[in-house]
Structure formats: structure tokens, C-alpha cells
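Peer 1:
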Amino acid sequence: MSLAIPNGLDNSNDRPGQRAPLVLGDTNYHSITEAVCKIAEQPPSRAWVIGFLVSVHLATMLGLCIAYLIYTGVGVWGNRAPIFWGWPIVNFVFWVGIGHAGTLISAILYLFRQEWRTSINRTAEAMTIFAVVCAGTFPGIHVGRAWLAFWLAPYPSLNLWMWPQFRSPLLWDVFAVSTYATVSLLFWYMGMVPDLATFRDRSKNPFRRAAYGVLALGWSGSSRHWMRYEKAYALLAAFAAPLVLSVHTIVSFDFAVSQVPGWHTTIFPPYFVAGAIFSGFAMVITLMVPARSIFNIEKLITIRHLENMCKIILTTGLIVGLAYGTEFFIAWFGQVPEEKFAFVNRAFGPYWWAYWTMIACNVISPNIFWSKKARTTPWIMFVVSIFVNIGMWFERFVITITSLSRDYLPSAWAYFSPTWVDWCMLIGSFGLFFTLFLLFCRLMPIVNMAETKATLAKELHMAHADHSHEGDH
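The opening position of the sequence shown corresponds to residue 558 in the numbering used here, with each subsequent residue numbered one higher.
#1: Within its chain, find whatever has a CB closer than 6 Å to the CB of A688; leave out the 5 residues flanking it on each side and keep chain order.
#2: Taking DSSP's pairing of strands, which residues face I640 in a bridge?
#3: Which same chain residues end up closer than 6 Å to L772 when comparing Cβ atoms and leaving out the 5 residues on each side of it in sequence?
#4: Shortest alpha-carbon distance to I1031 belongs to which of P799, R963, I1003 and K1015?
#5: Near E682, what residues of its chain come up, given a Cβ to Cβ distance below 8 Å and the 5 sequence neighbours on each side ignored?
#6: Excluding the 5 residues flanking I860 on each side, which residues of the same chain have their C-beta closer than 6 Å to its C-beta?
#7: Roughly how many angstroms separate the alpha carbons of K1010 and S612, rounded to a whole number?
#8: According to DSSP, is D571 part of a helix, a strand, or is it coil?
#9: Restricting to runs no shorter than 3 residues, where is the beta strand (DSSP E) found entirely within the segment 903-973?
#10: Nearest-angstrom Cα distance between T629 and C622?
#11: Thinking C-beta only, is M949 closer than 7 Å to S836?
#12: Quick check on the DSSP output: the alpha helix (DSSP H) that includes T992 runs from which residue to which?
#13: Quick check: what's the CA-CA separation for I807 versus S815?
#14: Consult DSSP for P532 and reduce its assignment to one of helix, strand or coil.
#15: Once the 5 residues before and after D730 are set aside, which same chain residues still bring their CB inside 8 Å of it?
#16: Does DSSP put R679 in a helix, in a strand, or in coil?
#17: Under a three-way DSSP split, which group does N585 fall into?
#18: Quick check: is the beta carbon of L995 nearer than 7 Å to any beta carbon in chain B?
#19: The alpha helix (DSSP H) spanning T843 covers which residue range?
#20: Are the CB atoms of W642 and D979 within a distance shorter than 7 Å?
#21: Measure the Cβ-Cβ separation of P818 and E884 and say whether it is below 7 Å.
#22: Can the beta-carbon of C691 be found less than 7 Å from the beta-carbon of S986?
#23: According to the neighbour-count rule (16 or more other Cβ atoms, all chains shown, within 10 Å of its Cβ), is H587 buried or exposed?
#24: Can you tell me the Cα-Cα spacing of A831 and N762, whole angstroms?
#25: Whose C-alpha, out of F732, Y881 and P975, is nearest the C-alpha of I956?
#26: Which two residues bound the contiguous alpha helix (DSSP H) that contains P799?
#27: Around the Cβ of A969, are there at least 16 other Cβ atoms within 10 angstroms (buried) or fewer (exposed)?
#28: Would you kindly check if the distance between the Cβ of S676 and the Cβ of A839 is under 7 Å?
#29: Could you spell out where the alpha helix (DSSP H) holding F890 opens and where it closes?
#30: Find the nearest neighbour of L875 within the set V580, E598 and Y828, judged by alpha-carbon distance.
#31: Got a sec? Which residues, its chain only, sit under 6 Å from Y1113 by beta carbon, not counting five neighbours each side?
#32: Excluding sequence positions up to five away, which residues of its chain have a Cβ less than 6 Å from the Cβ of I646?
#33: With S606 as the anchor, note down where its alpha helix (DSSP H) starts and where it stops.
#34: Counting only the same chain and skipping the five closest in sequence on each side, list residues whose C-beta sits under 8 Å from that of T843.
#35: Take the Cβ of A524 as the centre, count every other Cβ of all protein chains shown within 10 Å, and call the residue buried at 16 or more, exposed below.
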């Protein structure tokens, strides 16, 4: 079936009093299928090959560093008394936050029937899975004896003679992140089933056809299949929506339930959730701006999609900035000397450079999105998203490192210096992330074809109605 723009109508530009369309140009059902499927069917571009080779090398570096760490011990990190939570925990919190935008775009915006999510939700969901994979790497090796990481799971054992401490937020992390990863994976896979069936039907290679056939679960596109699919998708969306708030709330408890100055505060749960959404949307823009150009899908992932994400970045950036100010106000208002010192030390102590980098990237840079020109210019969005990702990593660094480096006893104060292993693991985690993302782009449908076609049908219906209305006058 092919629906095209009728003569005299053009949905590629804004018209007075109307929003920009979500699908541009003379796009029809067939062209949507062709645009998405050709990414996996045609030979990879030079840009993809270069990016993949670089990412694989960086991911290999991460694997070698992990092997070296397990063989040698955690002393290869820069973690020293009193800073026993170094970059591994910073990286863990950072990657968990990156994964939040996918569930927000897919689940919450779906439940609120926000149609602008349709072309970007698949990539955001994939980003969530890959970010959680990167995040889960660090707690497993941070325990020291990585081969005993399964002790974190509360499984029955007569040989262990002890149980995990259920009052510890570190154990809560295990439940929260594993639940989040499981539901996000199911939600991502469920949404791909109709598109995987399209890949199956178009595949000429028998091995690819068999693989996609298994993944498509026998999808035929019948009304019964669509009915069950929509029910299951809505149910998973309802399961996933509370996780947007709960997962990073639990992660914030790693800090908030302690007695460490700078951590012991009740603002952390909403502050961490807003920061996670902030960084997650920034990473979606970081991925989508180059991807839409490399894969020639500008008509499906439009400026309106990117502009809406910029608005969310601006909103959550303001919330994060308010949280920064509120922390200082509570430290002053509470009149606890240790708390006051902790926050003054953040801004003017030995880590002042990290704090003000965080402020510049997270509070100042997103304000450029007050300008519509900035919100609709891809290269500006891309640059700002990079700054936001840098700022959010520094936020986790400031929270974790500065509070531990100077606590109650001046005799125990120290300055954290990362080692080459810390640097290689940080860079290698990005290599792992981009390796998984680039493989996803080559093997899976990166745009939700079924939902994009439904959105196109609605826009065409509205265009016909407007055209008929104008003809009556």
C-alpha cells in the first residue's frame, strides 16, 4: 500500500498555525520500508566501517584492562584511602543515567500518546540496553574478586553461610538495575517484532532469513497478531514507566543513605532522576544527529524530533541547575559545619576545576536552546549534547570523589589521581557502547517502521482534511 502527498500539498515545511510534520517530503509506506531496510541490506559505508573499527579496538582495550585488573588486583586503579569509590562507581552511575532516556521515550511518551517518539524510540531503546551493559560491567569488577560477584544475588546456599545485606542500597542496585535491564530488553524486542518480520520477508540470504524468522516469532501481520502485540506492548510500557523513576532513585540511595558530608541529603532521588533524563536525551542527540545523515533518514528523523528533545534537555537542565543551588542552600540552612565545608570545598577546594566544568556544561550550555535557531540547527545540538555528556560525567565525579577526599578527619584527606587503567577503562566503555550501537544499526531496524507508517497515515489524513477544508472556502 502506498500513500503519497496529494497534489498541491507539501508537508516538508512549517505552515502558519501548524506544527512541523513528523515525516517529511513525498514519503510513502514503501519508501519508509526501503529507507530503513537498505541500511542493513546494503554494504556498510566507509564512515560506519571506520567508526566500527575504532570502537572495536577501544572495546578490546576495555577487555584487556579488565583481564589485567582481575589478574593483578584492584590496586591498579587510583582508589586509595579514603577514596575507595573512584572512577568505576563514577562510570557506573554515568552509564545508568545514559540509559534513562530510552525508557522515557518508549514507555512514558507512549502512554501519553506522544507521536513524535515514533522515529526515535527504537534507537533510544537500544541505547538503553547498551548503556546498562556498560554500567553493569563496573560493579562486577569493583567487588575486588570478580569471580565472586554472584554473591550479590540472594540465592540459597549452605556453603556461603551468609546472606547479602538487604538493608544495603548496593544490593538494592542489583535488583533495580537487573529489573530495569530485563524489562527494557523485553520492551525493545517486543517493539521490533513486526519490523523483524519485514526484514525476514526481504532477506535473500538464507541464514539471515532464518535468523530474522526466529526473532520474528512467526509474525504474519494478521489482525489477531496486531491485537495481541498492542496489548503486550502497552503492558510492558506500563511496567517500564515506573522504572524511569525508581532505578536512578535507588542508585542515588547509594549516596543519600550514608553519613558522608555532601551525600546525606534527601534531594538526591529527584536530582538524580532529572540528571539521568538530562544526560540520556543528550546521548540520543549525540547518536541521532550523525546517524540520520550517514544513513540518509532525515525525512524520518526530522528537525522536529530533535527540537523536542532539545526542549526536554533545556527543561531538565534547569531542574539540575536548581538542584545544584538547592544543595548549597540546604548546606547553609542546616548549619551543619561538615556539610557547609563539603560544598564550599566542591566549588573552591582542590577539585574546583571539576565543579566549574560541571556548571559550565550542565547549567550554562543548555540555555542556548532558548533560541529556536539553536534547537533547529543539528551541529549546535550535537556540540551541546557533547558538553552535556561531559558535564554529567563530571557531576558524578564531583559527587563521588570530592565528598570522599575530605570528610571528617583532616589527617585522612587525600587527592585522587587516576591511573592509566582508569583512563583506559573509561575510554574503553565508550568503545563497548559504540560497538554495540553500530552493530545494532547494521543488523536491526533503527527506526520503528510500523509506528512511523501509522504516524504518516494520520498526517496524510489531516493533510487531506485541511486540503478539503480549504477547497470548500
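In this text, a Cβ means the ideal position worked out from N, Cα and C, and glycines have one as well. Being a predicted model, the structure only gives us computed values, none of them experimental.
Peer 2: Taking the geometry as given:
#1: Excluding residues up to 5 positions away in sequence, W652, I655 and G656 lie with their Cβ nearer than 6 Å to the Cβ of A688 in the same chain.
#2: DSSP lists R637 as partners of I640.
#3: In the same chain as L772, and ignoring 5 residues on each side of it, the C-beta atoms closer than 6 Å to its own belong to L753, in chain order.
#4: Any answer about residue 1031 is impossible in this case: the structure gives the chain only from 558 up to 1030.
#5: Close CB contacts of E682 within its chain, under the 8 Å cut and outside five residues either way in sequence, are with G659, T660, I662, S663, S741, F744, W745 and G748 (chain order).
#6: Counting only Cβ-Cβ distances below 6 Å, and skipping sequence neighbours, we find T933.
#7: Rounded to whole angstroms, K1010 to S612 spans 33 Å at the Cα level.
#8: Below a pLDDT of 50, predicted positions are generally treated as unreliable, and D571, at 48, falls in that range; the measurement from the model is reported next regardless. Secondary structure at D571: coil, using DSSP grouped into helix, strand and coil.
#9: Taking only runs of at least 3 residues, no beta strand (DSSP E) segment lies wholly in the segment 903-973.
#10: Distance between the alpha carbons of T629 and C622 is about 10 Å.
#11: The answer is yes: Cβ separation under 7 Å.
#12: Looking at the DSSP string, the run of the alpha helix (DSSP H) that includes T992 is W977 to L1000.
#13: Distance between the alpha carbons of I807 and S815: 13 Å.
#14: Limits of the chain in this structure are 558 at one end and 1030 at the other, which puts residue 532 out of reach.
#15: So the qualifying residues of the chain are P696, I807, V808 and D811.
#16: In the three-state reduction of the DSSP assignment, R679 falls in the helix class, which pools H, G and I.
#17: Here N585 sits in coil by DSSP.
#18: No chain B is part of this structure, which consists of one protein chain only.
#19: First-last of the alpha helix (DSSP H) with T843: F825 to I851.
#20: Against a cut-off of 7 Å, the Cβ pair of W642 and D979 comes out as no contact.
#21: No. Outside cutoff.
#22: Yes, they are a contact pair.
#23: Exposed, by the Cβ-count rule.
#24: Taking the CA atoms as reference points, A831 sits about 45 Å from N762.
#25: Nearest to I956 by alpha-carbon distance, out of F732, Y881 and P975, is Y881.
#26: Per DSSP, P799 belongs to the alpha helix (DSSP H) from S780 to A813.
#27: By the neighbour-count rule (16 or more Cβ atoms within 10 Å), A969 is not buried but exposed.
#28: Cβ atoms of A839 and S676: not closer than 7 Å.
#29: In the DSSP annotation of this structure, the continuous segment of the alpha helix (DSSP H) that includes F890 starts and ends at I860 to G891.
#30: It is Y828.
#31: Past the boundaries of the shown model lies residue 1113; the chain is included only from 558 to 1030, so the question cannot be answered.
#32: Correct list, in chain order: T957.
#33: The residue you asked about is not Ser; residue 606 is Val in the sequence shown. Where V606 is concerned, the enclosing alpha helix (DSSP H) stretches over R603 to T629.
#34: Closer than 8 Å at Cβ, skipping near neighbours: F939, S942, I943 and N946.
#35: Since the first residue of the chain shown is 558 and the last is 1030, residue 524 is not available in this structure.
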